[in-house]
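Presented below is the structure to which this report refers.
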């Protein structure tokens, strides 16, 4: 197609809608693969007028193609889609920013916020991830999502693939099931992203499932396993503890985590427990230079603590159920 060199992204998109005879409820994605001589160079999405200007400048010399893909637009409003297209969409109720808790009988997603998204029924897992990153304003370079659903079961089920998602959307169309979204730091962050974020983040070496032993010379965390995770330098003790509970699948109702560090350099220097945000900040500052490991031990809570927590959770569950009934009433209205 012939276009002016100074065309805007909005203008070229409008032209494509007309030329390709695409419904305005469909979404057009414009991409280009800059052949740089490197096979791993990524496909680049044209997101603004500047990106488009660079592409037009390059294609004038190299004849690079503009790659256009189409998908059903998630942001379309249900009341604006005609009856013929309505059957292609589903309204999904999203619960987010909550935490899973177990009261001894059932899991509950506590202290969550709610929203809705209007999505194609044939959406893929990757597509719904992209929608949630945009809708919840989450940085996909730093976080990943855990999607779960609970339908008359004791424990929630994780949505792991396109088939799981398809089954959920089919059920939610009839029963108004909620999609529970948990945001987590991406422990497997790619090296290029880690490089970009190095000034704000730090790689922690974590050892766990070990026992402290003293060999008359120095303390050792023996028979431990190792792992790594990337976290913000200004993370709090509460935040890193939640990450570790999730990473190691530890039941926080039954166990509490003890975080310790051995400041290597003096054989008699004791193992130090990280008790607060200041201790954690000192450790992160030091490990950035020395690669000291964070030693994690999970200890069983005593019976009284567990019982007291269960009593508190039952009170919270009653409140949660009341809130849910209020939400249901609003939905029915």
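Numbering (this note's numbering), first residue to last: 1276 to 1608. Note that CB positions come from ideal geometry on N, CA and C, so glycine has one too. Since the structure is predicted, the reported quantities are computational estimates derived from the model, not experimental observations.
Here residue 1371 is buried, its C-beta having at least 16 other C-beta atoms within 10 Å.
Following the DSSP letters along the chain, one finds residue 1537 in no alpha helix (DSSP H) but inside the beta strand (DSSP E) bounded by residues 1530-1537. Sequence-distant Cβ neighbours of residue 1517 in its own chain, meaning closer than 8 Å and more than five residues away, are 1374.
Remark: C-beta atoms of residue 1456 and residue 1420 approach each other more closely than 7 Å.
Counting only the Cα atoms, residue 1342 lies some 6 Å from residue 1305.
Here residue 1477 is buried, its C-beta having at least 16 other C-beta atoms within 10 Å. Here residue 1433 carries a strand assignment [DSSP, helix/strand/coil]. Non-local beta-carbon contacts of residue 1387 in its own chain, meaning distances under 7 Å to residues more than five positions away in sequence, involve 1370, 1371, 1372, 1373 in chain order. Residue 1441 has no beta-bridge partner at all, per DSSP. Across the structure, residue 1529 and residue 1451 are spaced so that their CA atoms are roughly 32 Å apart. For residue 1477, the beta-bridge partners assigned by DSSP are 1506. By the Cβ-count criterion, residue 1572 is buried, with 16 or more other Cβ atoms from all chains shown falling within 10 Å of its own Cβ. Cα atoms of residue 1556 and residue 1549: separation of roughly 10 Å, rounded to the nearest angstrom. Taking 7 Å as the cut-off, the beta carbon of residue 1393 is found closer than this to the beta carbon of residue 1364. DSSP places residue 1553 within a helical segment (H, G or I) once states are collapsed to three. For residue 1366, the enclosing beta strand (DSSP E) stretches over residues 1364-1371. Pairing residue 1383 with residue 1376, the inter-Cα distance amounts to about 5 Å. Residues of the same chain with a CB within less than 8 Å of the CB of residue 1459, apart from the 5 flanking positions on each side, are 1418, 1419, 1420, 1421, 1518, 1521 in chain order. Just measuring C-alpha positions, the residue of 1440, 1490, 1366, 1567 sitting nearest residue 1404 is 1440. Residue 1408 and residue 1488 have their C-alpha atoms some 45 Å from each other. Rounded to the nearest whole angstrom, the CA to CA distance from residue 1444 to residue 1427 is 16 Å.
Scanning its chain for C-beta atoms nearer than 8 Å, with the 5 sequence neighbours on each side dropped, one finds around residue 1533 the residues 1548, 1571, 1572, 1573, 1574, in chain order. The alpha-carbon separation between residue 1366 and residue 1432 amounts to approximately 20 Å. Residue 1332 holds the alpha-carbon nearest to the alpha-carbon of residue 1281 among 1425, 1332, 1498, 1449. Per DSSP, residue 1340 has no beta-bridge partner at all. Residue environment: residue 1278 is assigned as exposed (fewer than 16 neighbouring CB atoms within 10 Å of its CB, all protein chains considered). By a beta-carbon distance limit of 8 Å, residue 1481 does not contact residue 1339. Their separation comes to about 45 Å. Residue 1295 and residue 1319 have their C-alpha atoms some 22 Å from each other.
With respect to residue 1559, residue 1508 sits close: the two C-beta atoms are nearer than 7 Å. Short of 7 Å from the beta carbon of residue 1287, and not among the five residues preceding or following it, lie these beta carbons of its own chain, in chain order: 1278, 1327.
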